[in-house]
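J.: In the numbering used here, each number is its position in the sequence shown, counted from 1, plus 3.
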Amino acid sequence: MLYKTLVRPKLEYAASTWAPNTATDINTLESVQRKAARFVTGTYDSRASVTKLLQTLQWDSLKTRRDMATLTMFYKIHYNILRVNFPACIVPLRTVTRCEHSYRFRQVSTKTKAFQHSMYIRAVPMWNLLPAAAVMAESASDFQEFALPVVRNIGQHGAF
Numbered sequence: 004m005l006y007k008t009l010v011r012p013k014l015e016y017a018a019s020t021w022a023p024n025t026a027t028d029i030n031t032l033e034s035v036q037r038k039a040a041r042f043v044t045g046t047y048d049s050r051a052s053v054t055k056l057l058q059t060l061q062w063d064s065l066k067t068r069r070d071m072a073t074l075t076m077f078y079k080i081h082y083n084i085l086r087v088n089f090p091a092c093i094v095p096l097r098t099v100t101r102c103e104h105s106y107r108f109r110q111v112s113t114k115t116k117a118f119q120h121s122m123y124i125r126a127v128p129m130w131n132l133l134p135a136a137a138v139m140a141e142s143a144s145d146f147q148e149f150a151l152p153v154v155r156n157i158g159q160h161g162a163f
């Protein structure tokens with residue numbers, strides 16, 4: 004498929020470190036994928052549900068894919084698969100309840116929009132919602148398998 008090999012990689016390049024933060028930018032990117040879904044399926048009827056086309060194609064939203072890229076990068080940094088240090092503001096929480104995993108991080112308050120939308124700040128709230136099986140996964144691919152259902156759910160409910 005041309006879309007998956009030529010177009011989507013351009014839309015997702017370095018997605019773990021950048022992400023659009025305005026509704027306009029997000030919708031602009033998503034519209035590219037929605038147009039591609041119409042093209043791939045040959046469904047140009049304006050009454051046809053593009054959401055259903057995306058489900059039929061089993062394409063996650065670009066936001067879900069960006070969130071997964073961000074969390075996978077966070078996982079790799081956390082487990083030193085990537086030799087990058089967390090910034091000083093990303094610190095583990097010391098208190099854990101029965102319902103939470105023990106690898107949670109303190110959420111950071113930010114004063115600037117630029118920092119508020121940085122990769123680490125975006126990742127922490129999502130990371131803290133993941134199940135223990137995901138954050139303690141033995142490989143990045145296992146992590147993705149456990150994390151993806153949660154990220155899809157977050158995307159459906161618009162939590163982030």
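Every residue gets a Cβ at the ideal spot worked out from N, C-alpha and C, and that includes glycine.
For a test of the three-state rule: what should DSSP assign to phenylalanine 42, helix, strand or coil?
T.: Note: phenylalanine 42 maps to helix in three-state DSSP.
J.: In angstroms, rounded to a whole number, what distance separates the CA positions of methionine 129 and serine 121?
T.: Taking the straight line from one Cα to the other gives about 13 Å.
J.: Exposed or buried, isoleucine 19, counting other C-beta atoms within 10 Å across all chains shown (16 or more means buried)?
T.: The residue you asked about is not isoleucine; residue 19 is serine in the sequence shown. With 16 or more Cβ atoms within 10 Å of its Cβ, serine 19 is classed as buried.
J.: Grouping DSSP H, G and I as helix and E and B as strand, with all else coil, what is phenylalanine 77?
T.: In the structure shown, phenylalanine 77 sits in a helix (DSSP, three-state: H, G or I).
J.: Are leucine 57 and arginine 41 close, meaning C-beta to C-beta below 8 Å?
T.: In this structure, arginine 41 does not lie closer than 8 Å to leucine 57 by Cβ.
J.: Looking only at C-alpha atoms, which of Ile84, Val154, Leu14 sits nearest to valine 35?
T.: Minimum Cα distance to valine 35 is reached at Leu14.
J.: Run through DSSP, which three-state label would phenylalanine 108 get?
T.: Strand.
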